[in-house]
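Student:
Number of protein chains: 2
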Amino acid sequence: MRAVLHHGLRDVRVATVPDPVLIEPTDALVRVTLACICGSDLWPYRNPTSPDEPRRIGHEFVGVVEQVGPQVRTLAVGDLVIAPFMYSCGECEFCLAGLQTSCVRGGFYGAEDVGGGQGERVRVPLADGTLVSAPVGQDDPRLPALLTLSDVMATGHHAAVNAGVGPGAHVAVIGDGAVGLCGVLAARRLGAERILLLSSHEDRAAIGRAFGATDVVAERGDAAVQAVLALGDGRGVPHVMECVGMQGSWDTALGIVRAGGSIGYVGVPNGVHEGLDLSRIFRRNVTIAGGVAPARAYLPELLTDVLDGTIDPSPVFDLELPLEQAPQGYAAMDERRATKVLLRP
Amino acid sequence: MRAVLHHGLRDVRVATVPDPVLIEPTDALVRVTLACICGSDLWPYRNPTSPDEPRRIGHEFVGVVEQVGPQVRTLAVGDLVIAPFMYSCGECEFCLAGLQTSCVRGGFYGAEDVGGGQGERVRVPLADGTLVSAPVGQDDPRLPALLTLSDVMATGHHAAVNAGVGPGAHVAVIGDGAVGLCGVLAARRLGAERILLLSSHEDRAAIGRAFGATDVVAERGDAAVQAVLALGDGRGVPHVMECVGMQGSWDTALGIVRAGGSIGYVGVPNGVHEGLDLSRIFRRNVTIAGGVAPARAYLPELLTDVLDGTIDPSPVFDLELPLEQAPQGYAAMDERRATKVLLRP
Chain F
1 MRAVLHHGLR
11 DVRVATVPDP
21 VLIEPTDALV
31 RVTLACICGS
41 DLWPYRNPTS
51 PDEPRRIGHE
61 FVGVVEQVGP
71 QVRTLAVGDL
81 VIAPFMYSCG
91 ECEFCLAGLQ
101 TSCVRGGFYG
111 AEDVGGGQGE
121 RVRVPLADGT
131 LVSAPVGQDD
141 PRLPALLTLS
151 DVMATGHHAA
161 VNAGVGPGAH
171 VAVIGDGAVG
181 LCGVLAARRL
191 GAERILLLSS
201 HEDRAAIGRA
211 FGATDVVAER
221 GDAAVQAVLA
231 LGDGRGVPHV
241 MECVGMQGSW
251 DTALGIVRAG
261 GSIGYVGVPN
271 GVHEGLDLSR
281 IFRRNVTIAG
291 GVAPARAYLP
301 ELLTDVLDGT
311 IDPSPVFDLE
321 LPLEQAPQGY
331 AAMDERRATK
341 VLLRP
Chain W
1 MRAVLHHGLR
11 DVRVATVPDP
21 VLIEPTDALV
31 RVTLACICGS
41 DLWPYRNPTS
51 PDEPRRIGHE
61 FVGVVEQVGP
71 QVRTLAVGDL
81 VIAPFMYSCG
91 ECEFCLAGLQ
101 TSCVRGGFYG
111 AEDVGGGQGE
121 RVRVPLADGT
131 LVSAPVGQDD
141 PRLPALLTLS
151 DVMATGHHAA
161 VNAGVGPGAH
171 VAVIGDGAVG
181 LCGVLAARRL
191 GAERILLLSS
201 HEDRAAIGRA
211 FGATDVVAER
221 GDAAVQAVLA
231 LGDGRGVPHV
241 MECVGMQGSW
251 DTALGIVRAG
261 GSIGYVGVPN
271 GVHEGLDLSR
281 IFRRNVTIAG
291 GVAPARAYLP
301 ELLTDVLDGT
311 IDPSPVFDLE
321 LPLEQAPQGY
331 AAMDERRATK
341 VLLRP
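Protein chains in written order, with full-length UniProt numbering: chain F, 1 to 345; chain W, 1 to 345.
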């Protein structure tokens, strides 16, 4: 079958790899209907250090179950399924607590003998605990929206939950990538009254407005902090969603958060080198919460809302390519010519 | 009147200073019955940089109202009052939200024209919003216990609240100073089932056990982390209370906190120089919450429990001195010969 392999710095290629097979009795084989490229895939893509050998990549996909192991109980061949970006058992303490990303048996796609999501087929471990069926056909127009539940919409929701967003909340969203934009949609869904989106790209800001942003702040750095403060009473915003993971975005978050407020953060902190200065949060009782999003925990409720049309996160996809053109998709996201790229095997 | 003045590095002196007078119509003058030395008073005491001129110091006291300004409505001359370690208006958004430490009109004792708490009398600004009356006489044996509500007991409680401690919780308390010990008491009061106290001082550990610690870990550094992990299932403790504010104590906190857990922190981060490494909390969804404790918010409920005997934090005081001997009290705490020192004017 065909799949994307990461070779090194700005070097991904589509190649023929062995078809996956069932290994564990709890596995399922999924034929990928739709996959996509994640902002976090750009971290290895931009890393000057090459892997020892080309590695499978990708962790967001929807597809059709082709085979199930003998211990799989809740899935049947032919089911259309959504794969959260990590697999998890569904039975351990952490899974039961809704923190499937800390599952004691779980893990990432594209590691060891688990293939990446950017390919024609994926062996999904712990299929019962991992995959979520959706009552739709493989040509359903809502498939791109459902695909966002693999990661970006769930991650935006995680930022909102951890920022303490609820009805009437005043919120600032830092980051106009797919996660930040989904964060706007998540905040609106949770009842936020005022949603400031920090975005200096007009095309992305437009999606943000459509998703519910009430204000867009185009400034950057200190000017962004001043602009956000000026939009309120000068004391900052109680609910800040950090959806970037860079030093500058954290500086902004700390600059705009209100005393007693919360920063819900989901940006992989690969670009944060200085460490969080506790003295900036101690005096003002700022809470820092978040991390890698347990997409599996949020999938059922978000799925319901996608199916009934309450939310449609699919506008975050602004480029669709066949799987064979994945390298062009990576380049487009790397060069910020695309927000998020769909890949169709 | 007599009061403690901070002159410089390990140099505090008791001197005669002008009696305070009412300045604002919302002031009260309080004759101090009992004061004490805080671990945070040791930060300036140990600071090689001297203040430009000798400064009043101290922020924990109970006393008797001697005079009130014409706009004070809730206090009367003769009331026995407890002073939280910051003053606050009681009316602004932050005060109403229970975050009096961020009061827009509030501030610290020992700054500008507000005297320190280690003296015979204090002008208390915003008296209605700040002071809490207790229905006891000035010779009541519970006065030391009530004095802890000024700061250390309220601060230990803040750590517990921010660590998410509730009935049945498994908790680790880092720090066997007065705040850490009060944190143990607060965790037990909130219903914690298992309370690990990290303490390498047997006398302090004994107080911790009396306050409710179920286990004491005497190791330090990495050995402490391993010991805590070994006491459980190896995956750490969900509720960690950081009551020190040093690099080493934060390293321990990050090493023992369970995935999905919370670090409630109240140690003034004066000894944390590296900044919090977000990559250590991102993957495991660890929440960091806390800061300077709104003692005023917690005072009424804790006061009730002290008065009815539910809690008695007074064992944290292990040395009592007359105000004139405050320098000896500072030295005793600096040299760890005393946990917390009472000063009686």
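Beta carbons: idealized from backbone N, C-alpha and C, even for Gly.
Tell me the residue span of the alpha helix (DSSP H) that contains residue 95 of chain F.
Tutor: 93-96 is the extent of the alpha helix (DSSP H) around residue 95 of chain F.
Student: By DSSP, does residue 109 of chain F sit in helix, in strand, or in coil?
Tutor: Note: residue 109 of chain F maps to coil in three-state DSSP.
Student: Can you round the beta-carbon distance between residue 121 of chain W and residue 31 of chain W to whole angstroms, since I take them to be within the 8 Å contact cut?
Tutor: Confirmed, Cβ separation roughly 5 Å.
Student: Cα separation between residue 24 of chain W and residue 107 of chain W?
Tutor: Whole-angstrom Cα-Cα distance: 15 Å.
Student: Are at least three pairs of beta-carbons, each pair with one atom in the stretch 124-139 of chain F and one in the stretch 80-88 of chain F, less than 8 Å apart?
Tutor: Touching, yes, given that three or more Cβ pairs across the two stretches are closer than 8 Å.
Student: Are the stretch 94-112 of chain F and the stretch 280-294 of chain F in contact at 8 Å, needing three or more beta carbon pairs?
Tutor: Judged by Cβ distances under 8 Å, the stretch 94-112 of chain F makes contact with the stretch 280-294 of chain F, as three or more pairs qualify.
Student: So if DSSP puts residue 239 of chain W in a beta bridge, which residue, or which two residues, is it bridged to?
Tutor: According to DSSP, residue 239 of chain W bridges with W/171, W/262.
Student: Could you tell me the alpha carbon to alpha carbon distance between residue 324 of chain F and residue 247 of chain F, rounded to whole angstroms?
Tutor: One C-alpha to the other measures close to 35 Å.
Student: How is the alpha helix (DSSP H) around residue 207 of chain W delimited, first residue to last?
Tutor: Where residue 207 of chain W is concerned, the enclosing alpha helix (DSSP H) stretches over 202-211.
Student: Expressed to the nearest angstrom, what Euclidean distance is found between the alpha-carbon atoms of residue 182 of chain W and residue 152 of chain W?
Tutor: Roughly 7 Å separates the two Cα atoms.
Student: Kindly list the residues whose CB is nearer than 8 Å to the CB of residue 222 of chain F, restricted to its own chain and excluding five residues on each side of it in sequence; keep chain order.
Tutor: If we look at residue 222 of chain F and ignore the five residues flanking it on each side, its Cβ neighbours are 255.
Student: Check residue 114 of chain W in the structure and name its three-state DSSP category.
Tutor: Correct three-state label for residue 114 of chain W: coil.
Student: Kindly indicate if chain F contains any beta-carbon less than 7 Å away from that of residue 256 of chain W.
Tutor: So no, residue 256 of chain W is outside the interface.
Student: Should residue 165 of chain F be flagged as near chain W, meaning a C-beta pair shorter than 7 Å?
Tutor: Output row for residue 165 of chain F: interface = no.
Student: State the Cα-Cα distance for the pair residue 333 of chain F and residue 172 of chain F, rounded to the nearest angstrom.
Tutor: In a straight line, the C-alpha of residue 333 of chain F is about 24 Å away from that of residue 172 of chain F.
Student: Leaving out five residues on either side along the sequence, give the residues of the same chain with a beta carbon under 6 Å from the beta carbon of residue 322 of chain W.
Tutor: Closer than 6 Å at Cβ, skipping near neighbours: 344.
Student: Within 7 Å (strictly less), CB to CB, does residue 25 of chain W reach chain F?
Tutor: It does not; no Cβ of chain F falls within 7 Å.
Student: Does the separation of the CB atoms of residue 116 of chain W and residue 110 of chain W fall below 7 Å?
Tutor: A contact, by the Cβ cut-off of 7 Å.
Student: Less than 8 Å between the CB atoms is what I'm expecting for residue 302 of chain F and residue 159 of chain F, so what's the real figure, rounded?
Tutor: Their Cβ separation, rounded to whole angstroms, is 14 Å, which puts residue 302 of chain F and residue 159 of chain F out of contact at 8 Å.
Student: Evaluate residue 273 of chain W with the Cβ neighbour count: other Cβ atoms within 10 Å of its Cβ, from every protein chain shown; 16 or more gives buried, anything less gives exposed.
Tutor: So residue 273 of chain W counts as exposed.
Student: Could you name the residues that DSSP lists as bridge partners for residue 36 of chain F?
Tutor: Answer is F/342.
Student: Report the CB separation of residue 6 of chain W from residue 46 of chain W in whole angstroms; it is logged as a contact under 8 Å.
Tutor: The pair is not a contact, with the Cβ atoms about 11 Å apart (cut-off 8 Å).
Student: Would residue 4 of chain F and residue 12 of chain F qualify as a contact pair, given that the criterion is a beta-carbon distance under 7 Å?
Tutor: Against a cut-off of 7 Å, the Cβ pair of residue 12 of chain F and residue 4 of chain F comes out as a contact.
Student: Assuming contact is defined by CB atoms lying nearer than 7 Å, are residue 36 of chain W and residue 319 of chain W in contact in what I supplied?
Tutor: Contact: no.
Student: Would you mind listing the alpha helix (DSSP H) stretches within the stretch 291-325 of chain W that are 4+ residues and don't spill past its ends, in chain order?
Tutor: As far as the stretch 291-325 of chain W is concerned, its whole alpha helix (DSSP H) runs of at least 4 residues are 295-307.
Student: Would residue 166 of chain W pass as a contact of residue 196 of chain W if the rule is Cβ separation under 7 Å?
Tutor: The answer is no: Cβ separation not under 7 Å.
Student: Compare the C-alpha of residue 239 of chain W against each of W/137, W/168, W/298 and name the closest.
Tutor: Comparing Cα positions, the closest option is W/168.
Student: Below 7 Å CB to CB, which residues in the same chain sit around residue 60 of chain W once its five sequence neighbours on both sides are set aside?
Tutor: The residues are 35, 36, 38, 85, 117, 147, 150, 151.
Student: Under 7 Å Cβ to Cβ from residue 249 of chain W, same chain only, skipping five residues before and after it: list those, please.
Tutor: Same-chain partners within the cutoff: 174, 175, 242, 267.
Student: From the DSSP output, in three-state form, read off residue 88 of chain F for me.
Tutor: Residue state, collapsed to three classes: coil.
Student: Pull out every residue of the stretch 283-302 of chain W whose Cβ sits closer than 9 Å to any Cβ of chain F, in chain order.
Tutor: Answer set for the stretch 283-302 of chain W: 283, 284, 285, 286, 287, 288, 289, 290, 291, 292, 293, 294.
Student: What is the DSSP secondary structure of residue 119 of chain F, reduced to helix, strand or coil?
Tutor: Correct three-state label for residue 119 of chain F: strand.
Student: Can you tell me the Cβ-Cβ gap for residue 138 of chain W and residue 65 of chain W, rounded? I've got them flagged as a contact below 8 Å.
Tutor: Actually they are not in contact, since the Cβ atoms of residue 138 of chain W and residue 65 of chain W sit about 11 Å apart, beyond 8 Å.
Student: Under DSSP, the alpha helix (DSSP H) around residue 247 of chain W begins and ends at which residues?
Tutor: Unbroken alpha helix (DSSP H) run through residue 247 of chain W: 247-256.
Student: Take residue 315 of chain W and list the residues in its own chain whose beta-carbon comes closer than 7 Å to its own, dropping the five residues that flank it on each side.
Tutor: 207, 210, listed in sequence order.
Student: Would you kindly work out how many angstroms separate the C-alpha atoms of residue 307 of chain W and residue 192 of chain W, rounded to a whole number?
Tutor: Those two C-alpha atoms are separated by around 22 Å.
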